[in-house]
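Have a look at the structure below before the remarks.
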Amino acid sequence: MSPRARHLKLSACIASALITAGCASGPGKPTVVAGPPSANDTNVFCEAASAEMTIPVGSAFPDGTLVRDFYTGNTARVIDGEVTMAPGANAEGLVLLESVDAKAGQFSWGGATVYFAVTDRFANGTTGNDQNYGRQPDGKDEIGTFHGGDFVGLTQKLDYLSELGVNALWITPPFEQMHGWVGGGDRGDFQHYGYHGYYALDFTVPDANFGTREEFRTLVQEAHKRDIRVVMDVVMNHPGYSSLQDMQTFEFGSLFEGFEKHLPERWGDWQPESWENFHAYHALIDYDHPDWRNWWGKDWVRAGIADYDTPPNASVDAQRGSLAFLPDFKTEAEKPVDLPVFLRNKASSRSQQLDDATVRDYLITWLTDWVREFGVDGFRVDTAKHVEPEAWLALKEEAQAALDEYRSRNPDADLPAEEFWMVAEVFPHSVRRTAYFDAGFDAVINFDLQEEARAGAQCLPAMEPIYSDYASKLHGEENFNVMSYISSHDTKLFSQIAGNDPALQKRAAAALMLTPGAVQVFYGDESGRAFGPTGSDPHQGTRSDMNWNAIENGEVSGILAHWQKLGQFRERHPVIGAGEHRLISQQPYVFSRTNGDDRVVIAFGKK
Numbered sequence: 008m009s010p011r012a013r014h015l016k017l018s019a020c021i022a023s024a025l026i027t028a029g030c031a032s033g034p035g036k037p038t039v040v041a042g043p044p045s046a047n048d049t050n051v052f053c054e055a056a057s058a059e060m061t062i063p064v065g066s067a068f069p070d071g072t073l074v075r076d077f078y079t080g081n082t083a084r085v086i087d088g089e090v091t092m093a094p095g096a097n098a099e100g101l102v103l104l105e106s107v108d109a110k111a112g113q114f115s116w117g118g119a120t121v122y123f124a125v126t127d128r129f130a131n132g133t134t135g136n137d138q139n140y141g142r143q144p145d146g147k148d149e150i151g152t153f154h155g156g157d158f159v160g161l162t163q164k165l166d167y168l169s170e171l172g173v174n175a176l177w178i179t180p181p182f183e184q185m186h187g188w189v190g191g192g193d194r195g196d197f198q199h200y201g202y203h204g205y206y207a208l209d210f211t212v213p214d215a216n217f218g219t220r221e222e223f224r225t226l227v228q229e230a231h232k233r234d235i236r237v238v239m240d241v242v243m244n245h246p247g248y249s250s251l252q253d254m255q256t257f258e259f260g261s262l263f264e265g266f267e268k269h270l271p272e273r274w275g276d277w278q279p280e281s282w283e284n285f286h287a288y289h290a291l292i293d294y295d296h297p298d299w300r301n302w303w304g305k306d307w308v309r310a311g312i313a314d315y316d317t318p319p320n321a322s323v324d325a326q327r328g329s330l331a332f333l334p335d336f337k338t339e340a341e342k343p344v345d346l347p348v349f350l351r352n353k354a355s356s357r358s359q360q361l362d363d364a365t366v367r368d369y370l371i372t373w374l375t376d377w378v379r380e381f382g383v384d385g386f387r388v389d390t391a392k393h394v395e396p397e398a399w400l401a402l403k404e405e406a407q408a409a410l411d412e413y414r415s416r417n418p419d420a421d422l423p424a425e426e427f428w429m430v431a432e433v434f435p436h437s438v439r440r441t442a443y444f445d446a447g448f449d450a451v452i453n454f455d456l457q458e459e460a461r462a463g464a465q466c467l468p469a470m471e472p473i474y475s476d477y478a479s480k481l482h483g484e485e486n487f488n489v490m491s492y493i494s495s496h497d498t499k500l501f502s503q504i505a506g507n508d509p510a511l512q513k514r515a516a517a518a519l520m521l522t523p524g525a526v527q528v529f530y531g532d533e534s535g536r537a538f539g540p541t542g543s544d545p546h547q548g549t550r551s552d553m554n555w556n557a558i559e560n561g562e563v564s565g566i567l568a569h570w571q572k573l574g575q576f577r578e579r580h581p582v583i584g585a586g587e588h589r590l591i592s593q594q595p596y597v598f599s600r601t602n603g604d605d606r607v608v609i610a611f612g613k614k
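Residue numbering for the sequence shown follows the working numbering, beginning at 8 and increasing consecutively.
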């Protein structure tokens with residue numbers, strides 16, 4: 008099949024985050040599967056107690072210890088291994104016990120609370136950078152367009168994150184994205200820009216829609232002042248697609264002869280006719296033309312165009328296959344390569360020709376330069392199973408060296424002390440130790456908790472077998488950790504699982520925040536952010552704008568306050584994520600988490 012025929016046949020799949028059987032490009036992104044029963048099914052819902060209850064504390068606190076409920080501030084003394092307390096009015100039956108003499112524990116990645124924000128959708132700190140590179144809103148549902156979120160907005164919300172108990176901020180890739188758009192969803196029913204950061208054009212500079220280098224520097228510095236680490240999302244598997252606008256701007260690729268007459272002066276302003284969709288522009292492009300050598304080039308990527316190698320299906324070859332028909336970087340290649348032509352000619356790029364460097368060498372240099380210059384604390388690695396393990400190990404080693412260099416240049420700065428941290432996205436990884444932990448990763452994302460957490464939101468004791476299982480695995484092994492979540496940009500929001508039930512959204516805080524290991528709060532988990540417009544790509548709706556109006560108007564104050572209290576308790580006691588779990592009582596449901604002097608007892612009473 009010719010490159011053009013291949014692109015036309017598969018255009019219905021291009022740029023869709025949904026990998027379907029009809030356009031199988033591999034298992035790199037999870038598909039949306041049937042969810043749990045409707046939130047209206049309350050057969051396992053338990054009503055939280057508000058009356059006093061007798062709470063056994065096991066061996067966590069000796070007799071005579073004065074303990075405090077972190078939620079209410081109320082105190083009681085342990086007598087005969089028990090205390091008597093009533094949950095707070097907003098506590099959903101929870102009592103969070105610590106010694107009154109307890110001091111805040113030392114941060115541990117093993118119990119980190121990581122807040123994940125899609126930069127473009129989180130907070131618009133300055134409107135002056137909302138439109139760049141000719142990008143425009145679509146005037147419709149704005150499903151795949153840039154919405155204005157930026158580094159300044161993230162910086163302005165750092166105090167909000169501190170109040171939530173967050174000690175690490177994961178942001179989507181900050182790199183300059185493809186300037187144009189591709190057809191979105193399997194029906195091509197919207198323009199899909201790289202607002203999410205996964206369609207990189209130039210890894211060496213920030214996208215102007217997100218902000219400037221100095222604004223990024225300020226974000227990292229201000230986060231560090233609040234003891235918040237910055238984790239940057241990175242991609243080594245693929246760059247972004249080609250688009251009409253990028254073809255015109257950077258003079259790579261070619262239209263069929265005479266077809267330029269079908270385009271406006273600025274190619275990115277093309278609109279489909281009434282009988283077409285946004286995939287139809289592919290019919291204008293000559294994918295066999297030799298001028299595609301002026302793009303990444305055949306030595307850099309597999310793309311199935313011109314003289315480029317055609318990538319296999321990712322389900323056949325995970326590391327050399329293409330995901331959603333994105334170009335696949337040749338990170339395994341040992342041959343030195345030159346800087347791509349379009350980057351050599353791009354005046355704003357900071358990329359330089361490297362001596363005797365492979366594709367992998369360039370990518371590692373570009374990514375770790377962000378650590379070297381700004382002091383980024385960690386990487387969340389996208390599509391980890393689609394790149395060979397030795398590449399990740401090399402990235403980790405160079406990132407640690409870059410962080411050491413940054414710290415040596417800034418000896419007086421108030422910086423976190425931990426080693427560089429890397430967490431892998433490996434769909435559908437669960438709580439198990441695999442070879443990824445020998446490839447430079449400190450943790451992997453746990454995909455299991457999202458479905459498990461609904462039962463815990465309905466009735467917290469349902470989490471006991473999960474908590475016990477997670478803790479026994481994580482606490483029993485060195486260099487092994489997971490990061491669990493209840494909402495994701497690649498699957499669904501918990502608000503969807505909960506049927507937009509505020510009660511379940513509130514109770515989900517305990518199910519997540521008391522989970523062993525690191526946890527990830529997706530922006531809006533704490534405020535019931537709703538699923539947004541999605542078109543024919545069901546993942547787009549998970550990236551709706553942060554619901555600041557609901558927060559500022561007090562509409563979700565009860566939910567938010569509950570999440571804040573649990574987040575602050577977790578931040579104060581890293582043992583919640585990184586300690587030994589012990590069930591003390593089934594009714595009321597009581598368990599302890601202990602590790603040395605860091606000790607807590609958590610009780611949940613139900614009527």
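We put the CB at the ideal spot given by N, CA and C, even for glycine. Values in this document were obtained by computation on a predicted structure and should not be read as measured data.
Taking the C-beta atoms as reference points, N139 is found no nearer than 8 Å to G155. Taking every protein chain shown into account, the CB of T338 has 16 or more other CB atoms within 10 angstroms, so this residue is buried.
At least 8 Å separates the beta-carbon of V121 from that of V227. Within the region 490 to 562, the complete beta strand (DSSP E) segments at least 3 residues long are 525 to 529, listed from N- to C-terminus.
Sequence-distant partners of D214 (beyond 5 residues in either direction) whose C-beta falls short of 6 Å from its own C-beta, in its chain, are E183 and Q184. Distance from the CA of F257 to the CA of L171, rounded to the nearest whole angstrom, comes to 44 Å. No residue range can be given for A55, since it is assigned to no alpha helix (DSSP H) and is classified by DSSP as neither H nor E. The criterion of a C-beta distance shorter than 8 Å is satisfied by N301 and F259. Scanning the region 107 to 138 from its first residue to its last, the whole alpha helix (DSSP H) runs of 4-plus residues come out as 126 to 129. When secondary structure is reduced to three states using DSSP, I609 falls in the strand class.
As summarised for the region 196 to 268, the continuous beta strand (DSSP E) elements at least 3 residues long and confined to that stretch are 197 to 199, 207 to 213 and 236 to 241, given in chain order. Residue state for I86 is assigned as strand, using DSSP reduced to three classes. Per DSSP, the unbroken beta strand (DSSP E) holding L590 starts and ends at E587 to S592. A distance below 8 Å separates the beta carbons of T225 and T162.
Membership of G385 in the beta strand (DSSP E) is indicated by the continuous run G385 to V388.
Excluding its 5 nearest sequence neighbours in each direction, T522 has C-beta neighbours in its own chain below 6 Å: S491, listed in chain order. For the 8 Å CB-CB criterion, Y474 and F598 form a contact. Annotated as proximal: I371 and L402, with beta-carbon spacing under 8 Å. In the structure shown, N602 falls within a strand segment according to DSSP collapsed to helix, strand and coil.
As computed with DSSP, M470 is found in no beta bridge at all. Across the set F123, A290, M254 and F263, the C-alpha of M254 shows the shortest separation from the C-alpha of F349. Taking 8 Å as the cut-off, the Cβ atoms of R142 and H186 count as close. Linking Y443 to A58 through their CA atoms gives a straight-line distance of about 47 Å. A distance of 8 Å or more separates the beta carbons of E105 and V85. The DSSP-derived three-state label of V430 is strand. Using a Cβ distance threshold of 8 Å, P595 and A585 do not count as a contacting pair. With contact defined as three or more Cβ pairs closer than 8 Å, the region 237 to 245 and the region 378 to 398 are in contact.
The DSSP-derived three-state label of F336 is strand. Bounds of any beta strand (DSSP E) do not take in I371; it lies within the alpha helix (DSSP H) bounded by V366 to F381. Here the region 188 to 205 makes no contact with the region 103 to 119; the two share fewer than three CB pairs at distances below 8 Å. Close CB contacts of R579 within its chain, under the 6 Å cut and outside five residues either way in sequence, are with A111 (chain order).
G190 and A431 have their alpha carbons spaced roughly 28 Å apart. Counting along the chain, G190 sits inside the beta strand (DSSP E) bounded by residues V189 to G191. For the region 388 to 462, the full-length alpha helix (DSSP H) segments reaching 4 residues or more read 396 to 416 along the chain. Burial is judged here by how many other beta carbons sit within 10 angstroms of a residue's own beta carbon; S502 has at least 16 and is buried.
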